[in-house]
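Reading the first sequence from the start, the letters are residues 37 to 320 in the numbering used here.
Where is the CB? At the ideal position from N, CA and C, for every residue including glycine.
Notes to accompany the following structure.
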Amino acid sequence: MPELPEVETIARGLDRRVRGEVIASVWLGEKPEPLKSPAAEIASTLERKRIERVRRVGKHIVFDLESVGARPPSAAKRKAAQPPRKAQWIVHLGMTGRMLVCPADTEIAKHTHAIAHLASGRELRFVDPRRFGRLSVVPQADFAAAGAEPLEVDLPRFLELFRGRKTPIKSALLNQNLLSGVGNIYADEALFRAGIRPKRQAATLTREQLTKLHQALKHVLKEAVALGGSSVSDYVDADGEEGFFQLRHRVYGREGEPCLVCKKPIKRVVIAGRSSHYCSQCQK
DNA sequence: ACTATTTCCTGGATGC
DNA sequence: TGCATCCAGGAAATAG
37 MPELPEVETI ARGLDRRVRG EVIASVWLGE KPEPLKSPAA EIASTLERKR
87 IERVRRVGKH IVFDLESVGA RPPSAAKRKA AQPPRKAQWI VHLGMTGRML
137 VCPADTEIAK HTHAIAHLAS GRELRFVDPR RFGRLSVVPQ ADFAAAGAEP
187 LEVDLPRFLE LFRGRKTPIK SALLNQNLLS GVGNIYADEA LFRAGIRPKR
237 QAATLTREQL TKLHQALKHV LKEAVALGGS SVSDYVDADG EEGFFQLRHR
287 VYGREGEPCL VCKKPIKRVV IAGRSSHYCS QCQK
């Protein structure tokens, strides 16, 4: 389940492997579900573009693109409607989405929904069994996440995010319109490190508690990025390498196991349809 | 304007 | 072994 650290790891790997490559042509699968933009628009936007850079915004992978096609032959034509020279390809991996870079003769995996044929002969493939992932294009280069970047948000803005919110703090952390990039694992891990129960109403948290949460969230995300993310289920990065942050999980996926601080069994409750793990002794 | 719930989707785990 | 059922969850859609 790719969250900020996993997407960051994948985006860095993709940047290293396909930066500077030109997308020659694009194949899109039959089923339209993973396509947020119309297929024809995706294809026409991606083709004959150079990948200038690959980076992460929230949980999205952003490909910054620039046209490489022949210049218009005349000034008159240049004035006519030209496709934008700059554009962005936005990929959301959902739960099970993967971006593979491989030689063209590599066998096409089941659930392959999109293939970008690169001028070098290699291919960039989007594979997503559960089809929660989404592909879209931004004709200009102005994609922005809805919420704040967790690694950049300062304390005053962080405090402001939760003011007056009656929803459980866990739900608020998962709300991408508030913070972009936090998912189930890192919400649970940050709340444990901050000593806050996931069901606590966001608005009832003290300034001191939110300050602690602000620090805990940044700390846990940075540590996870440094370790290449958490490999649970089948997550691997762009090179097929697993992350190691799952070895540092203190509550996520540890229901019934002893708290690493106080030895009390870790509890699991469902909040907004999501498993939430916490220690009833250490978190209040 | 918020908040809570439902829905989408498939593979792996579980139970009989 | 086989078959049915449940579960995982990001985020959009829907309901309240």
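DSSP three-state call for residue 304: helix, strand or coil?
The residue labelled residue 304 in the question sits at position 268 within the first sequence. In the structure shown, residue 304 sits in a strand (DSSP, three-state: E or B).
Can you have a look at residue 155 and say buried or exposed, based on whether 16 or more other CB atoms are within 10 angstroms of its CB?
On the first sequence, residue 155 is found 119 positions in, with the first residue counted as 1. With fewer than 16 other Cβ atoms within 10 Å, it is exposed.
Where residue 251 sits in the DSSP three-state scheme:
Here residue 251 refers to the residue found at position 215 of the first sequence. Looking at residue 251 - three-state DSSP - the assignment turns out to be helix.
Completely contained alpha helix (DSSP H) runs for the region 185-270, where each covers 4 or more residues
Fully enclosed alpha helix (DSSP H) runs of no fewer than 4 residues occupy 191-198, 205-210, 220-230 and 243-262 of the region 185-270, in order along the chain.
Can you say whether residue 298 is buried or exposed, counting buried as having 16 or more other CB atoms within 10 angstroms of its CB?
For the purposes of this step, residue 298 is taken as the residue at position 262 of the first sequence. Looking at its Cβ environment, which holds fewer than 16 other Cβ atoms inside 10 Å, residue 298 is exposed.
So does the region 42-54 actually touch the region 88-105, counting three or more Cβ pairs closer than 8 Å?
yes
Reference residue 148; option with closest CA among 251, 161 and 142
Along the first sequence, read from residue 1 onward, the residue named residue 148 stands at position 112. Cα-wise, what sits closest to residue 148 is 161.
Residue interval of the alpha helix (DSSP H) (run including residue 322)
Residue 322 is absent from the model: the chain starts at 37 and stops at 320.
Tell me which same chain residues have a C-beta within less than 8 Å of the C-beta of residue 95, skipping the five on either side of it?
Numbered from 1 along the first sequence, position 59 holds the residue referred to as residue 95. So the qualifying residues of the chain are 38, 39, 40, 43, 128, 129, 212, 216, 217 and 219.
Just list the residues that DSSP pairs residue 101 with in beta bridges.
Along the first sequence, one-based indexing puts residue 101 at 65. 87 and 123, per the DSSP bridge assignment.
Thinking just about the alpha-carbon of each residue, which of 202, 158, 150 and 187 is nearest to the one in residue 134?
Here the question's residue 134 lines up with position 98 in the first sequence. Ranking the options by Cα distance to residue 134, first place goes to 150.
Could you name the residues of the same chain whose beta carbon sits closer than 6 Å to that of residue 226, not counting the 5 residues immediately before and after it, in chain order?
Mapped onto the first sequence, residue 226 falls at position 190. Cβ neighbours of residue 226 beyond the five flanking positions: 252, 253 and 256.
Delimiting residues of the beta strand (DSSP E) encompassing residue 66:
Taking the first sequence and counting its residues from 1, the one referred to as residue 66 is at position 30. Segment: none, residue 66 is in no beta strand (DSSP E) and carries neither H nor E.
May I ask you to list the residues that DSSP assigns as paired with residue 59?
By 1-based counting over the first sequence, the position of residue 59 is 23. 85 and 154, per the DSSP bridge assignment.
Span of the beta strand (DSSP E) holding residue 174?
Start at 1 with the first residue of the first sequence, and residue 174 comes out as number 138. Start and end: 170-174.
As a quick exercise: from 45, 243 and 235, pick the residue whose alpha carbon is nearest that of residue 310.
Within the first sequence, residue 310 is the residue found at index 274, counting from 1. Minimum Cα-Cα distance from residue 310 among the listed residues 45, 243 and 235 corresponds to 235.
Residue range of the alpha helix (DSSP H) that includes residue 52:
The sequence position of residue 52 within the first sequence is 16, counting from 1. Note, residue 52: alpha helix (DSSP H), 40-54.
Based on the DSSP secondary-structure assignment, which residues constitute the bridge partners of residue 71?
Taking the first sequence and counting its residues from 1, one reaches residue 71 at position 35. In DSSP, residue 71 forms a bridge with 171.
Can you give me the Cβ contacts of residue 138 inside the same chain, cut-off strictly under 7 Å, excluding the 5 residues immediately before and after it?
Indexing the first sequence from 1 puts residue 138 at position 102. Around residue 138: 158, 159 and 161.
Three-state secondary structure (DSSP) at residue 166?
What you label residue 166 is simply residue 130 of the first sequence in a count that begins at 1. Coil, per DSSP.
Straight-line gap, residue 177 to residue 76 (C-alpha atoms, nearest Å)
Along the first sequence, one-based indexing puts residue 177 at 141. Along the first sequence, one-based indexing puts residue 76 at 40. Each residue's alpha carbon lies about 19 Å from the other.
Could you have a look at residue 284 and say whether DSSP puts it in helix, strand or coil?
As a working note, residue 284 is residue 248 in the first sequence. In the structure shown, residue 284 sits in a helix (DSSP, three-state: H, G or I).
Consult DSSP for residue 134 and reduce its assignment to one of helix, strand or coil.
Mapped onto the first sequence, residue 134 falls at position 98. Here residue 134 sits in strand by DSSP.
Based on DSSP bridge pairs, tell me the residues matched to residue 291.
Here residue 291 refers to the residue found at position 255 when the first sequence is read from its first residue. DSSP lists 302 as partners of residue 291.
Consult DSSP for residue 160 and reduce its assignment to one of helix, strand or coil.
Mapped onto the first sequence, residue 160 falls at position 124. Three-state result, residue 160: strand.
Strictly by DSSP, which residues pair up with residue 312?
In the first sequence, residue 312 corresponds to position 276, counting from 1. In the DSSP output, where bridge partners are listed per residue, residue 312 has 305.
Length of the line joining the Cα atoms of residue 259 and residue 101
By 1-based counting over the first sequence, the position of residue 259 is 223. By 1-based counting over the first sequence, the position of residue 101 is 65. Rounded to the nearest angstrom, the two C-alpha atoms are 30 Å apart.
Figure out for me which residue from 57, 175, 104 and 164 has the closest Cα to the Cα of residue 152.
One-based indexing of the first sequence puts residue 152 at position 116. Ranking 57, 175, 104 and 164 by Cα distance to residue 152 puts 57 first.
Can you tell which of 198, 241, 143 and 294 has its C-alpha closest to the C-alpha of residue 320?
Numbered from 1 along the first sequence, position 284 holds the residue referred to as residue 320. Minimum Cα distance to residue 320 is reached at 241.
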